[in-house]
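Here is the structure we will look at.
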Amino acid sequence: MHYSVFSVLAQALRGQRDWKPQWRDAAPKPEYDVVIVGGGGHGLATAYYLAKEHGITNVAVVEKNHVGSGNVGRNTTIVRSNYLLPGNIPFYEHSMKLWEGLEQDINYNAMVSQRGVLNLFHSDAQRDSYARRGNAMRMAGIDAELLDREGVRGMVPFIDFDNARFPVKGGLLQRRGGTVRHDAVAWGYARAASDRGVDIIQNCAVTGIRRENGRVTGVETSRGFIKAKKVALSVAGSSSLLAAMVDMRLPIESHVLQAFVSEGIKPLIDCVMTFGAGHFYVSQSDKGGLVFGGDIDGYNSYAQRGNLATIEDVMEGGMALWPGLGRLRLLRHWGGIMDMSMDGSPIIDRTDIGGLYLNAGWCYGGFKATPAAGFCFAHTIARDEAHPHSAAYRLDRFATGHVIDEKGMGAQPNLH
Amino acid sequence: MRIRCPYCGERDNGEFTYLGDAGGARPDGMGTDAAAMHDYVYLRDNRAGVHRELWYHGAGCRSWLVVTRDTRTHEISDVTSAREAGLARRNSGTTSGEAA
Amino acid sequence: MSTLTLKRAETQAPLARSDNPAQPFRVAGGLVDRTRPLSFRFDGRALTGFPGDTLASALLANGVRLVGRSFKYHRPRGILSAGSEEPNAIVELRTGARREPNTRATVAELYDGLEASSQNRWPSLAFDALGVNALAAPIFAAGFYYKTFMWPAAFWEKLYEPMIRRAAGLGRAANAPDPDHYDRMFAHCDVLVIGGGPAGLSAALAAGRMGARVILVDEDSRPGGRLLAERREIDGRPAADWAAQALAELASMPEVRILPRTTLFGVYDHGSYGAVERVSDHLAVPPAHTPRQRLWRIAAKRAVLAAGAIERPHVFGGNDRPGVMLAGAVRTYLNRFGVLPGKRIAVLTSSDDGWRTAADVLAAGGTVAAVIDTRPSVPAELRRPVEAAGGRVLTGSFVSGTKGHLALSAIEVSDASGRFDQIACDCLAMANGWNPIVHLDSHLSRRPVWREDIHAFVPGTLPSGMTAAGSAAGDFALADCLSGGARAGQEAAATCGFDGAAAPAPQTDPESVSHTPLWRAPRTKGKAFADFQNDVAVSDIELAHREGFRAVELLKRYTTLGMATDQGKTSNLAGLSIMAELTGQPIPSVGTTVFRPPYTPIAIGAFAGHHRGKEFRATRHVPSHAWAEENGCVFVETGLWLRPAYFPRKGEADWMESVNREVDTVRAKVGVCDVTTLGKVDIQGKDALAFIERVTANPFGTLAIGKARYAILLREDGFVLDDGTVARMSDSHYVMTCSTANAARVMQHLEYARQWLWPELDVQIVSISEQWAQYAVAGPRARDTLKGVIDPGFDISNEAFPFLACADVTVGGGIPARLFRISFSGELAYEIAVPAAYGDAAWRAIMAAGTPYGITAYGSEALSVMRIEKGHAAGAEINGQTTARDIGLGGMLAKKKDYVGRLMKERAALTDPQRPILVGFKPVDASQRLRAGSHFLGVGETPSLAADQGYLTSVAYSPSLKSWIGIGLIRGGTERHGERVRAYDPVRGGDVEVEICSPVFVDPKEEKLRV
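Residue numbers (UniProt numbering), protein chains in the order written: chain Y, 1 to 416; chain A, 1 to 100; chain H, 1 to 1011.
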């Protein structure tokens, strides 16, 4: 059923009786052209764009849990395209443009809210490094503004300007950045893909990947073998585990990243703000909760939870920046498992095994990439070649040295 | 998380910094080829399960430690001095991945 | 069979109606102190209560039933519970900078002068304009917003979203910094007991008596739990008396610490627990030198989870109307606070437990309008007293609707045959069984398990070291709580190595916990809520089912069930049970939601502790700090350091004038700069040289004793980690310096190399960054100045102590010092190091010695100007993205040794001749300012990603050249000297034509260094 104010009103009069499941809860067929492993945002978007852009609809998305049960529903909902390096810039800007038209495209309100992303800086050196990034964005035709202290004060007057250990000197602002209702992205893509004929198979865990003569032939699952011409892995957090099924070692470690939400309060902050002298960033959801986060806990983990030292570190950053937060209460904190790659940038590529494709290594930036990752991964799967926007995300770049290291931290993923 | 440093006793993980997998030893020497070095620098087993990993007790005794920890539960089964482990590895002529 | 006793404990005085006109619902009894009335305000209205009251009990005592408005439909809401699970009675507590939104009235202790206001209503609580949302409820079904507000696209940010945001949210945050402060505590114990009810007290007593170090935390102001709320007897005495005696005994034990007002909010790995103690929240303002709250990090060998259980509401139409309460809460208000929450109280129960409420109300002289039991029959001994008092008893019946404008006035009762009846009442007590608090044991990703016999989830596999006891373990009977708690405490202490047997469990009066829950009313009128605060009704769960959101996580996310400030404490099971019914599955097959910390919402300030304002991070002062302060220095934050940036003098108009003067003085005369912030590492041992050779990228084999050399350190991936110097003090003794920013990282790297990569090397290293103060003395008169500082007998002439010499010397008559002839400024320069304790004295001695030569102190700004004039790379160039070749150091790299980074730096992309390389830049028009971060672009070229040639890394105004200068990375830079490009800086409106030149602007032949 098409979603619109009219259908909502009509159903209000009919006691909401006629709504149908938003996506078909499909059972596996014996064979597909493409099996996408992972029913998160990226996997579902990939299925959608395979169908929409390439007309490939004999596609299954197999998900061990339910739609959107991984990182797409655990992140802090931020979207932005304020990147520094040429390998990243066109990709994330493409993603931003897809966000801007997403709701009309998939007929689902994901509440794309371009309320601005403001990165604060606290020293001359940091200002110059943000200017470098802002200028790179402007060279590529992306919006970026460098605010001085007064400009920042105009946007976020409540932060500590007078007694800060690391005084705020200004900020880099991308007005087109903002937030998106994360769950709705998964559900919207699931519905749109399902409508185009994609099978979404939930509660179906992949237990093995079958190969013959250097090519994949399908996946073993908890619901039986599914034959496939192509298999596409889109399982951030668990990429290494799936790769190990075909004896691949990846330049990836799995780390836990915690996120936090406060109790709901009346509107307080109207942008996404990041602290430049500590690990803290914050925005406010439409429901009123402050959504915030910081750094990864910093150790390999497949448990979706973290520890107190990191929590305290994040809150310290919050209070240092915004001392009015003190009496607001933390409602919930949780953890997601990140594919931390060795240069902080993702991988969208073919593998050495015929018919096996990899979308991985998103570190903690995968959510904002969802549309473009789906779009470009679908291109790679359909055409067997990289989309120009994701051409830098090669798996062999660590061997050739073409690393895309925005932070200059080297091959230690917990520093990215 | 609490880590039992062999020199300082049990301490909160906030005192430690993490490096990662204590697997393959650095391929030393002028004869090493780039592929071996690439694998050492960039590739990880990234196991879901028992994991030998390096931690640095920077806010304590400055020892590097080899911690054996389950990445699914965070359960720690062993902590040893990295230097002792490293010497054992040298003496046995094996890679650090094999020397426990 | 029920043997519930309705006999009052004889030690308690019979209750009687209060004739207190100010608190018309106050009755005799309870644990409040009636000798000292407290005044408080709710929505401006002056009211009174007593010490021992919560805001909720005081409001009920005053007959205030309407307390708030719900999130979505703005429906009137009252007080549901008497504890931290409260979803409805949430208010803004206090005013001004101390305003605390979303405070649960049920746990806010009353103090004199308390001010609270209702929230999420306009213009007033009784008349809330957004109450119209309730009329639109048929539209506002779960997830309706995903289906609309999409057209026109631009309207989302401009119109729909602002409207939704204004309507959403609950309370208002204070709009000022939090004036209170917070503290942090670390504690260790053998046995941590979580909860101070019957099980927790028993556990603490058992462990404490064995001598174990025990910490008992309880979220209430007064430990005791249900013992304070029930008319029960233990060993023939009122339960509250038993609790008081247990507490007194615990308080007398030296190894036992009791923490009331403390919520154990989170369980973390390896026996780490987080708790927050509300030290001063029961006071108007924290006393002097007392924090508002204290965050405890507790490391416990064992923990006894005795957190209790939460009562379940019934789900029926209008179950949210003020006056509808949990039956246990009614007993709490009555027995603990001396408040009868209604004049005519009805009870809706599916358990024997509910009848206890009726009995207590009758015993207090209250009126029981009716008891509706959903079970087909009830034992006569339960019915008899109610019927005797004139109350109706309806079995096999349920409540199908409620009436009342802003609060309850009547209920509608139906039975299976479809008959219904209306019963007037102003309070409905709901008893539908209890849910063990399984939150804490699920924090470590463990799932609770369903127990069909008690119709509830109980802890499954517990985290190691934890045991559950009492109702938290599903043992609801008081006798089981006492014995189970004692057993758990004894076992926990025994596993910690303490001896002793548990004392015999105390005797209790008989009781029955018989219970058959009714998950929702079979027929209902109006919205039946599962989640009160978020307005999630049965119809929303049905819609979620219809649309495929059937897995519990999907249900929760689509409907927002369980996501309000109470985190679903009273609603999760309701949601699960209804979904189970809709899908025809047993409840545990639908799933269990994962409870996340914190158990109850915790103030962000408590987590941050003292780390705010200037105390956010430690501040490190350089040894010359005192002198610098005395001399009007302007400081700059550099990591944790506060470094002198420049030293303004009278008459200087701005920072640039001061910095120019400092640079000019150094270049013409002499200056001194505190460089103590550099990392300094002492390296000693037979294999010291071998070690240095492996961690540095340039060769050191030929470094003679008494010589220093520039050092490049790479990461193993081939990019530059840092640079510094290595000085050879003796045969096997070296001192390495590295940059301020990387001091800690380099030390960690060196320790890694020593301990893990090459443990066989005989070398010891230690950081001496904090042990030595170090000063750069630079300028043509540097030697003259130092002659006045260094003890006679050390020849520092150019011949005896040439460029790059180093030596141990003494100053001030025998104080050890180290002298290095190295230069960052390009001038004749030395760095002199003295033990940190002599840092201040040495600085003053240098200033005194240099005064005849016109010495100036210079700060990090002048330091930076001079290094840019010399084209030296620093943090902006060594940013983790550059190779040694990129920054002009490729020629220095060793070819005949293996070292960290050797192989990876040879990868194709790192040796690509097209990589940007470090060169100098001068504005074509010397009056134009350069800015770091500008990108390079061909003259006349249109900006684009492809046109980007590199960027300016560092700039300075060079007083030596009377022009802005810069260094930066540009493609093919070395071959392009003399070429013009644009330094394009759109974010600051800059676009300056610059000429590519050598990065060495001053003294390119390095003559000044060597004189």
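Every residue gets a Cβ at the ideal spot worked out from N, C-alpha and C, and that includes glycine.
(message) Along the region 78-92 of chain A, where does the CB come closer than 7 Å to a CB of chain H? Name the residues.
(response) ALA82, ARG83, GLY86, LEU87 and ARG90
(message) Cβ closer than 7 Å: which chain Y residues qualify as neighbours of SER571(H)?
(response) Taking the first residue of the third sequence as position 1, residue 571(H) is located at position 571. Going along chain Y, no residue has its Cβ under 7 Å from SER571(H), so there is no contact; the nearest lies around 15 Å.
(message) Using 8 Å for Cβ pairs, my map puts ALA836(H) next to GLN771(H). What's the rounded Cβ distance?
(response) What you label residue 836(H) is simply residue 836 of the third sequence in a count that begins at 1. What you label residue 771(H) is simply residue 771 of the third sequence in a count that begins at 1. At roughly 6 Å, the Cβ-Cβ gap stays under 8 Å, so ALA836(H) and GLN771(H) are in contact.
(message) Cutting at 8 Å between CB atoms, please list the residues of its own chain near ALA782(H), excluding the five before and the five after it.
(response) By 1-based counting over the third sequence, the position of residue 782(H) is 782. The answer, listed in chain order, is VAL670, GLU827, LEU828, ALA829 and TYR830.
(message) Quick check on DSSP: helix, strand or coil for PRO87(H)?
(response) For this step, residue 87(H) is matched to residue 87 along the third sequence. Looking at PRO87(H) - three-state DSSP - the assignment turns out to be coil, as it is neither helix nor strand.
(request) Note down, in chain order, all residues in the region 731-759 of chain H with a beta-carbon under 7 Å from any beta-carbon belonging to chain A. (result) GLN748, GLU751, TYR752, GLN755, TRP756, LEU757 and PRO759
(message) In this structure, how does DSSP classify GLU100(Y) when only helix, strand and coil are distinguished?
(response) Within the first sequence, numbered from 1, the residue matching residue 100(Y) stands at position 100. It is helical.
(request) State the Cα-Cα distance for the pair PRO101(H) and PRO601(H), rounded to the nearest angstrom. (result) For the purposes of this step, residue 101(H) is taken as residue 101 along the third sequence, with counting starting at 1. For the purposes of this step, residue 601(H) is taken as residue 601 along the third sequence, with counting starting at 1. One C-alpha to the other measures close to 12 Å.
(request) Would you mind stating whether PRO385(H) and THR592(H) have Cβ atoms separated by less than 7 Å? (result) If you number the third sequence from 1, residue 385(H) lands on position 385. If you number the third sequence from 1, residue 592(H) lands on position 592. Cβ atoms of PRO385(H) and THR592(H): not closer than 7 Å.
(message) Assuming ILE411(H) and CYS427(H) are in contact, meaning their beta carbons sit under 8 Å apart, how far apart are those beta carbons, in whole angstroms?
(response) One-based indexing of the third sequence puts residue 411(H) at position 411. One-based indexing of the third sequence puts residue 427(H) at position 427. Contact doesn't hold; Cβ gap of about 10 Å is too wide.
(request) Compute the distance between the beta-carbons of ARG446(H) and THR461(H), then report whether it is under 7 Å. (result) Here the question's residue 446(H) lines up with position 446 in the third sequence. Here the question's residue 461(H) lines up with position 461 in the third sequence. Result yes, Cβ atoms of ARG446(H) and THR461(H) sit closer than 7 Å.
(request) Could you pull the start and end residues of the beta strand (DSSP E) that MET729(H) belongs to? (result) Here the question's residue 729(H) lines up with position 729 in the third sequence. Residues 720-730.
(message) Per DSSP, what are the beta-bridge partners of residue 447(Y) in this structure?
(response) Outside the displayed range of chain Y (1 to 416) lies residue 447(Y), so it cannot be described from this structure.
(request) Just tell me which of VAL330(H), GLY52(H), ARG69(H) and ASP352(H) has its CA closest to the CA of GLN533(H). (result) Here residue 533(H) refers to the residue found at position 533 when the third sequence is read from its first residue. For the residues VAL330(H), GLY52(H), ARG69(H) and ASP352(H), the minimum Cα distance to GLN533(H) belongs to ARG69(H).
(request) Give the DSSP bridge partners of TYR899(H), in chain order. (result) Here residue 899(H) refers to the residue found at position 899 when the third sequence is read from its first residue. None, per the DSSP bridge assignment.
(message) Among ALA369(Y), LEU395(Y), LEU356(Y) and TRP362(Y), whose alpha-carbon lies nearest the alpha-carbon of ASP384(Y)?
(response) By 1-based counting over the first sequence, the position of residue 384(Y) is 384. When each option's Cα is compared against that of ASP384(Y), the closest is LEU356(Y).
(message) Using a Cβ distance threshold of 8 Å, determine whether the region 59-75 of chain A contacts the region 295-304 of chain Y, with at least three qualifying pairs required.
(response) yes
(message) Whether or not the region 76-84 of chain Y and the region 166-181 of chain Y are in contact is what I'm after, with contact meaning three or more pairs of Cβ atoms, one per stretch, closer than 8 Å; do they touch?
(response) yes
(message) Check for me: the alpha helix (DSSP H) holding THR370(Y) runs from which residue to which?
(response) Here the question's residue 370(Y) lines up with position 370 in the first sequence. First-last of the alpha helix (DSSP H) with THR370(Y): 370-383.
(message) Here's the rule I'm using: 16 or more other beta-carbon atoms within 10 Å means buried, otherwise exposed. How should TYR7(A) be labelled?
(response) As a working mapping, residue 7(A) is identified with position 7 in the second sequence. Result: exposed.
(message) Please report the distance separating the alpha-carbon of TYR393(Y) from that of ASP349(Y).
(response) On the first sequence, residue 393(Y) is found 393 positions in, with the first residue counted as 1. On the first sequence, residue 349(Y) is found 349 positions in, with the first residue counted as 1. Answer to the nearest angstrom: the Cα atoms are 7 Å apart.
(request) For chain C, find out if any of its Cβ atoms is closer than 7 Å to the Cβ of HIS51(A); answer yes or no. (result) The structure shown contains no chain C; its protein chains are Y, A and H.
(request) Over the uninterrupted alpha helix (DSSP H) stretch that includes LEU786(H), give me the two end residues. (result) Position 786 of the third sequence holds residue 786(H). Note, LEU786(H): alpha helix (DSSP H), 782-787.
(request) Count the other C-beta atoms from every protein chain shown that fall within 10 angstroms of the C-beta of ARG844(H), then say buried if there are 16 or more, exposed otherwise. (result) In the third sequence, the residue the question calls residue 844(H) occupies position 844. Its Cβ having fewer than 16 others within 10 Å, ARG844(H) is exposed.
(message) Counting only Cβ pairs nearer than 8 Å, list the residues of chain A close to GLN412(Y).
(response) For the purposes of this step, residue 412(Y) is identified with residue 412 of the first sequence, where counting begins at 1. Within 8 Å Cβ-Cβ: LEU19 and GLY20.
(request) Quick one: list the residues of chain A neighbouring TYR268(H), beta-carbon separation under 8 Å, in chain order. (result) For this step, residue 268(H) is matched to residue 268 along the third sequence. Those are MET1, listed as they occur along chain A.
(message) Any beta carbon of chain Y sitting closer than 7 Å to that of ASP948(H)?
(response) As a working note, residue 948(H) is residue 948 in the third sequence. Yes, ASP948(H) counts as interfacial toward chain Y.
(message) The alpha helix (DSSP H) that contains ASN135(Y), what's its start and end?
(response) Within the first sequence, numbered from 1, the residue matching residue 135(Y) stands at position 135. From DSSP, the alpha helix (DSSP H) with ASN135(Y) extends over 124-139.
(message) Please list, in chain order, the chain A residues whose beta carbon lies closer than 9 Å to that of residue 1012(H).
(response) In the structure displayed, chain H extends from 1 to 1011; residue 1012(H) sits before or after that span and is not available.
(message) At 3 residues or longer, what runs of the beta strand (DSSP E) sit wholly inside the region 507-569 of chain H?
(response) 529-531
(request) With DSSP collapsed to three states, give me the class of THR54(H). (result) Within the third sequence, the letter at position 54 stands for residue 54(H). In this structure, THR54(H) counts as strand in the three-state DSSP scheme.
(message) What would DSSP say about THR740(H), mapped onto helix, strand or coil?
(response) Reading the third sequence from its first residue, position 740 is the one you call residue 740(H). In the structure shown, THR740(H) sits in coil (DSSP, three-state: anything other than H, G, I, E or B).
(message) So that I know if they touch, is there some Cβ in chain Y lying closer than 7 Å to that of ASP360(H)?
(response) Residue numbering aside, residue 360(H) sits at position 360 when the third sequence is read from its first letter. It does not: the Cβ of ASP360(H) has no partner Cβ on chain Y nearer than 7 Å.
(message) Is it buried or exposed, MET430(H), if we count other Cβ atoms within 10 angstroms and call 16 or more buried?
(response) For the purposes of this step, residue 430(H) is taken as the residue at position 430 of the third sequence. Buried, by the Cβ-count rule.
(request) Using a Cβ cut-off of 8 Å, pull out every chain H residue sitting near PHE96(Y), in sequence order please. (result) Taking the first sequence and counting its residues from 1, one reaches residue 96(Y) at position 96. Before going on, a small fix: residue 96(Y) reads as Met here, not Phe. Simply none; closest approach about 14 Å.
(request) Give the straight-line distance between the Cα atoms of PHE166(Y) and TRP756(H), rounded to the nearest whole angstrom. (result) Translated into the one-based positions of the first sequence, residue 166(Y) becomes position 166. Translated into the one-based positions of the third sequence, residue 756(H) becomes position 756. Approximately 36 Å, taken between the alpha carbons.
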